[in-house]
Structure formats: structure tokens, C-alpha cells
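Here is the structure we will look at.
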Amino acid sequence: MLLESNHINILLSFVRSISKSNDPDQLLSHNKRSSLLLNFLLKQIRDHTESDQKLLIDQRLENTIIALAYLAVELNDRCKIRQDIITVLLDFYQRIPTAKYYELASYNYKYALPPAEVFSFCLHTALTELASTSEDAKTRDNIMFIIADVIRKFVESIRKAANNHAKERYQSIYRYEVPFLFGALRSIGRISVNDQSLISQLFPISFNSSTQSIYIEQKESTNNSL
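Just so you know, we're using the working numbering here: the sequence shown kicks off at 3 and counts up by one.
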């Protein structure tokens, strides 16, 4: 089963409709289509996280992570499934410092930020929103502690490679690790000025690839109209 944007939109629409309910978990369990899709997404991430192999982050996995983070932000804090999603996200997030990131051809960087920076910015935006909207102090502290720990691991890894003049690591540092740090730092301290979440403002209508360039979309639209 391939992850498609319309699947995410179906689930998001349903989550938004139940988010204000007194018992959103019960409503979700009664909607088999949404429940099956959500369970599939969670299982997909658990399989990656629990594997003994090195974690490989590709574009489809990026989109699944951002979609789940988006869903968790849209759900209210008393929803049990929200806590399940947060647990899965944090388990995955803690494996990112040792993960292998997918490569893009150099020409794809001409009009877009590095994919790792955009992914990191979206993910950290969602994680900080989850922390700020949680009524449970333990959950808030746990999310922020894990974020700080992951950032520390990235910084220490880059510093160690620089001190050891590890040239074989330079490509990973330039293409993935430093951009990931930039994305994380850009997201710190951002808050929404209204009731609309920041992550929903990043993806206001439909869920598109987190690494898709707006410039490229506009360019393609212009070319098609010629």
C-alpha cells in the first residue's frame, strides 16, 4: 500500500471532525476506514523503528512522519490515540541522529531548501506544538528533553568529525546533518497567534510532500499553461 495524499486528507478531515468530541477515541474506532489507515501508518513507523537495520529515511517515510505529527497536533490532549502517536514519533525521532538520509540529484537544490532542513523544520514545529498543547507536564518535559538530546547528538557528531578531519563524513554533514540542525533551530520559539496550528498553516489545504518546492510547483503550472 503506497501512501497517497488523498489518504492523508481523508484521515485529517475525520480527525478534525472528532477533535472537539468528548470521546474522540470511540468515534475513531467506529470509523473503520480511518482507524485502519491510522493503524497502518503507526505500524509502518514502528517497523522502521524496531528494525535492527540502520534506519533509512526516504521521502515517503518523511511524509508519513509529518502526517502523523499533523494528526497528533489536530487531536485534543485528552484523546488516547494522540499519546500513542506521540510515543511512536519520539521513538522514531531518537533514531534520526544515526539514520541514513536519502540523496537528491544536485540540480534539485537549485530552487529548494535541502530536504533534511524542510523535514526537520516541519517535524520540530509539530513536536514543539505537541509539547506546548499538552496538559501533562511529564509529556511536555519528555518531548523537550528528547529534542534537546537529539540536537546535542547532532552537534557532538559534527564537532567530532571536524576535529578528526573525517572527510568521508563531509557529504553527510553538508547534505543532511547541518541542514537538519538549521531546520530544528528555525522552529524554536515559533507560536501560532490564533487557534490554527502552525503545522496546519504549513499544509493548509492538502498534504503535499514536505520537500516539494513552491517555486517548482509554480514553474510547472506556468509551463503547463503555455
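All C-beta atoms, glycine included, are put in the ideal place defined by N, C-alpha and C. From a predicted model like this one, the values you see are computed outputs, not experimental measurements.
What residues are listed by DSSP as bridge partners for residue i?
i	result
residue 102	58
Determine the burial state of residue i: buried for a count of at least 16 other Cβ atoms within 10 Å of its Cβ, exposed for fewer.
i	result
residue 172	exposed
residue 185	buried
residue 100	exposed
residue 176	exposed
residue 119	buried
residue 67	buried
Where does residue i fall in DSSP's three states?
i	result
residue 160	helix
residue 48	helix
residue 115	coil
residue 80	coil
residue 67	helix
residue 168	coil
residue 28	helix
residue 33	coil
residue 188	helix
residue 205	coil
With a CB to CB cut of under 6 angstroms and the five nearest residues on each side skipped, what residues in its chain are close to residue i?
i	result
residue 94	47 and 51
residue 102	56 and 58
residue 137	79
residue 141	none
residue 92	148
Near residue i, what residues of its chain come up, given a Cβ to Cβ distance below 8 angstroms and the 5 sequence neighbours on each side ignored?
i	result
residue 203	194
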